[in-house]
Structure formats: C-alpha cells, structure tokens
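>
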Amino acid sequence: MTAANDSDTLAQRLEVVRRRIANAVQQYQRAPQSVTLLAASKGQPAAALRVAHHLGVIDFGENYLSEALAKQAELSDLSPLRWHFIGPVQSNKTRDIAAAFDWVHSVDRAKLLRRLSEQRPAGLAPLQVCLQVNLASEAQKSGCDITELAQLAKLAVSLPRLTLRGLMTIPPQQGDPAPLFRQLDEMLAQLRNQLPTAGLDTLSMGMSDDLETAVACGSTIVRVGSALFGPRLKT
Ligand SMILES: *Cc1c(COP(=O)(O)O)cnc(C)c1O
Numbered sequence: 125m126t127a128a129n130d131s132d133t134l135a136q137r138l139e140v141v142r143r144r145i146a147n148a149v150q151q152y153q154r155a156p157q158s159v160t161l162l163a164a165s166k167g168q169p170a171a172a173l174r175v176a177h178h179l180g181v182i183d184f185g186e187n188y189l190s191e192a193l194a195k196q197a198e199l200s201d202l203s204p205l206r207w208h209f210i211g212p213v214q215s216n217k218t219r220d221i222a223a224a225f226d227w228v229h230s231v232d233r234a235k236l237l238r239r240l241s242e243q244r245p246a247g248l249a250p251l252q253v254c255l256q257v258n259l260a261s262e263a264q265k266s267g268c269d270i271t272e273l274a275q276l277a278k279l280a281v282s283l284p285r286l287t288l289r290g291l292m293t294i295p296p297q298q299g300d301p302a303p304l305f306r307q308l309d310e311m312l313a314q315l316r317n318q319l320p321t322a323g324l325d326t327l328s329m330g331m332s333d334d335l336e337t338a339v340a341c342g343s344t345i346v347r348v349g350s351a352l353f354g355p356r357l358k359t
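So the sequence shown is numbered by the numbering used here: it starts at 125 and just counts up by one.
1) Looking only at its own chain, which residues have a Cβ that is under 8 Å from the Cβ of residue 190, when we skip the five neighbours before and after it?
2) Would the beta-carbon of residue 211 be found less than 7 Å away from any heavy atom of ligand 1?
3) Say the cut is 7 Å; is the CB of residue 294 nearer than that to a heavy atom of ligand 1?
4) For chain B, find out if any of its Cβ atoms is closer than 8 Å to the Cβ of residue 148; answer yes or no.
5) Does DSSP put residue 292 in a helix, a strand or coil?
6) Could you please give me the residues that DSSP links to residue 230 through a beta bridge?
7) Rounded to whole angstroms, what is the Cα-Cα separation between residue 281 and residue 185?
8) Throw me the rounded Cβ distance for the residue 311 and residue 273 pair, which I believe falls under 8 Å.
9) Tell me residue 185's beta-bridge partners as DSSP assigns them.
10) So, for residue 141: in the same chain, excluding its five sequence neighbours on each side, which residues have a beta-carbon less than 7 Å away from its beta-carbon?
11) Distance check for residue 134 and residue 176, CA to CA, integer angstroms please.
12) Quick check: the Cα distance between residue 198 and residue 342, rounded to an integer number of angstroms?
13) Measure the beta-carbon distance from residue 270 to residue 257 and round it to whole angstroms, keeping in mind my assumption that it falls under 8 Å.
Structure, rendered in structure tokens:
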C-alpha cells in the first residue's frame, strides 16, 4: 500500500496525491488538466468529505447506496460537487441511484442501462455513464465481458436519459495492471470508431497504488481512496 500515516492530515495527503497526478501527467506527456481526481470516499464520514471539498475536491465516488444517501443529506450545502456511484449496482437500487448521482461508473448489463435511463428524473441532466469491463474475467468481480461491450455501448448511446462517457475497470489485486489499462484504452478507441458521434472521452482507471500507471495508459479519472483518506477499516 501507499504510505499514508495516520498522523498525516488530509490536506497533506491530498497534496501528495495531486503532486503524483501532476508528475505523471508531465512524465507521460498527457495534456494538462486531462486527469480528474475522484475521491473514493466509501467508509469515510461526511466530515472528511467536507474537508476534502474545502480543499478543492469536487468529485466523490461512493460504493454503497444507503451510506452515500446519508452523506449526501449531510453535505447538501456544498457546491459544486459531483456524486459518482462506483460500486456494484443492484437492479433494485437503480431508481435511487438514477435520482441521487451525477455519474455511474459501474454499469455492466443491459437491464441496468434501461432502468437507469427510464428512472433518471426528467428535471436532471442525463446520467453520465461508464461501462465497467471485467478485463481479467474474475469470477466474483462486477463488469461486463469484453465480448459484450460493443452491444452494451450501442444500447447505452440509444437511451435518452443516459450519456455514455466511456469505460471503467478495476484490475486484479495481483499482477501488473499496465497491460489491462492499455487494453481498456484500446477498447475505448474502438468504441469511438464505432460510435463516432457519441463523444466518448472517459477512462475511469487507476487507484491509490497504480494511478501513475493508469495515467501513462490514458486514464482521465483516477479513483483514489486510501492515499487520500488514510487506510480504511471497512472496505
Ligand atoms: C475503494 C475503491 C477505490 C479506491 O481504492 P484505493 O485503493 O483505496 O485508492 C477505487 N475504485 C473503486 C471502485 C473502489 O471501490
């Protein structure tokens, strides 16, 4: 794990994470501002998110609906702020997710796409969606199979209340993530060819331990938890 001493403050850790992203952007000749930091805030109290927001973090990713809704209620005074759902999506939760989030990174089947579009409230902007891909075909992990991706993407762009933005992946804990990150980048390029008017611009990949590798491979959103908030008890 990345060193994150309890004695470090959130401000110090945020500074380190921002510097890591900036260094990687420079080293791998990515465009300035092309990588967004998303704070993966599962298990963190609303007060910690509030501190991060005061320090300029705008994007927060949550994994569990009820935990997220409680924090959203506590933080409703903060603006601008974007809520991203990044955990496994159960189909009986789509109505609440469609109403309470700006983005969903973890959509992996047609039924979820249809429900999220149908249930996105009319007064809100279209829900921003990434398709999660299970590149290593891990049995217990969310994400569609590579072979399903083109069909799912086609469906996603046809639905009125969704905007398909790109792809998301979580590589296996062991092993070099770089080949998988490169593969996701190639898959996004293919989809952009197949759906040239869709405006696909997002690769949601990279976490505390591998964000530099992800930036090297084209990531546009890194989802960082422990390097920002410190080690968490609950995952
Ligand atoms: C927890 C989580 C992260 C952040 O992981 P860290 O290793 O703590 O940075 C990123 N993405 C998802 C989907 C997560 O659940």
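Using N, Cα and C, we set each Cβ at its ideal position, and we do this for glycine too.
According to the data block:
1) The residue labelled residue 190 in the question sits at position 66 within the sequence shown. Setting aside the 5 residues that flank it on each side, residue 190 has no residue in the same chain whose C-beta is closer than 8 Å to its C-beta.
2) Numbered from its first residue, the sequence shown carries residue 211 at position 87. Residue 211 Cβ: within cutoff of ligand 1.
3) Your numbering for residue 294 matches position 170 in the sequence shown. Result yes, Cβ under 7 Å from ligand 1.
4) Protein chains in the displayed structure number just one, and chain B is not present.
5) Translated into positions along the sequence shown, residue 292 becomes position 168. Three-state result, residue 292: strand.
6) If you number the sequence shown from 1, residue 230 lands on position 106. Its beta-bridge partners do not exist; DSSP assigns none.
7) As a first step, residue 281 must be located in the sequence shown, where it is residue number 157. As a first step, residue 185 must be located in the sequence shown, where it is residue number 61. Put simply, the backbone Cα of residue 281 is about 23 Å away from that of residue 185.
8) To locate residue 311, count along the sequence shown from 1; it is residue 187. To locate residue 273, count along the sequence shown from 1; it is residue 149. The C-beta separation of residue 311 from residue 273 comes to about 6 Å, placing the pair in contact by the 8 Å criterion.
9) Position 61 of the sequence shown, counted from the start, is the residue given in the question as residue 185. Per DSSP, 164 and 208.
10) Taking the first residue of the sequence shown as position 1, residue 141 is located at position 17. Contacts found: 161, 348, 351 and 352.
11) Numbered from its first residue, the sequence shown carries residue 176 at position 52. Numbered from its first residue, the sequence shown carries residue 134 at position 10. Rounded to whole angstroms, residue 176 to residue 134 spans 7 Å at the Cα level.
12) Start at 1 with the first residue of the sequence shown, and residue 198 comes out as number 74. Start at 1 with the first residue of the sequence shown, and residue 342 comes out as number 218. If I take the Cα positions, the gap works out to 34 Å.
13) For this step, residue 270 is matched to residue 146 along the sequence shown. For this step, residue 257 is matched to residue 133 along the sequence shown. Confirmed, Cβ separation roughly 6 Å.
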